[in-house]
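Residue numbers (the UniProt record's numbering): 1 to 96.
Even glycine gets a Cβ: it sits at the ideal position worked out from N, Cα and C.
Shown next, in structure tokens, is the structure this report addresses.
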Amino acid sequence: MAAWVYIMANRPFGTIYVGATSNLIRRVYEHRNDLVPSFTREHQLHLLVYFEQHQDIHRAMQREHNIKHWSRTWKDQLIEAGNPEWDDLYLSIAPG
């Protein structure tokens with residue numbers, strides 16, 4: 001079953017959060033709508049600025065753990081490699 005690593009932000013080069021999930025659309029929806037008390041809710045991290053797919057949740061969780069230990073510069077470079085404008089990518093994955 002596929003799994004995802006994703007990064008949420010409140011604005012370009014603002015506060016970010018790295019997470020892993022088996023249901024990217026549902027999880028990002030929860031972040032965007034502040035449905036779960038969390039760091040993302042506290043900091044209004046509503047923009048999906050990066051995501052990558054993995055074969056299973058264990059691999060995604062390992063990648064999440066690795067990225068969380070990277071420097072902020074490396075994280076920003078990861079985002080900018082595929083999303084230089086820090087656009088909200090949620091609309092590209094959400095149905096309808």
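*Whole-number beta carbon distance between residue 5 and residue 67, since they are thought to touch under 8 Å*: Yes, residue 67 and residue 5 are in contact; Cβ-Cβ is about 7 Å, under 8 Å.
*Assigned exposure category for residue 19 - 16 Cβ within 10 Å defines buried*: Residue 19 should be labelled buried.
_Check for me: the beta strand (DSSP E) holding residue 35 runs from which residue to which?_
For residue 35, there is no enclosing beta strand (DSSP E), as DSSP marks it with neither H nor E.
*Using three-state DSSP, classify residue 96 as helix, strand or coil.*
Three-state DSSP puts residue 96 in coil, outside helix and strand.
*How many Å lie between residue 73 and residue 1 at the Cα?*
Cα-Cα distance, rounded: 31 Å.
*Got a sec, what are the start and stop residues for the beta strand (DSSP E) residue 47 sits in?*
From DSSP, the beta strand (DSSP E) with residue 47 extends over 47 to 54.
_Host beta strand (DSSP E) of residue 4 (start-end)_ = Start and end: 3 to 9.
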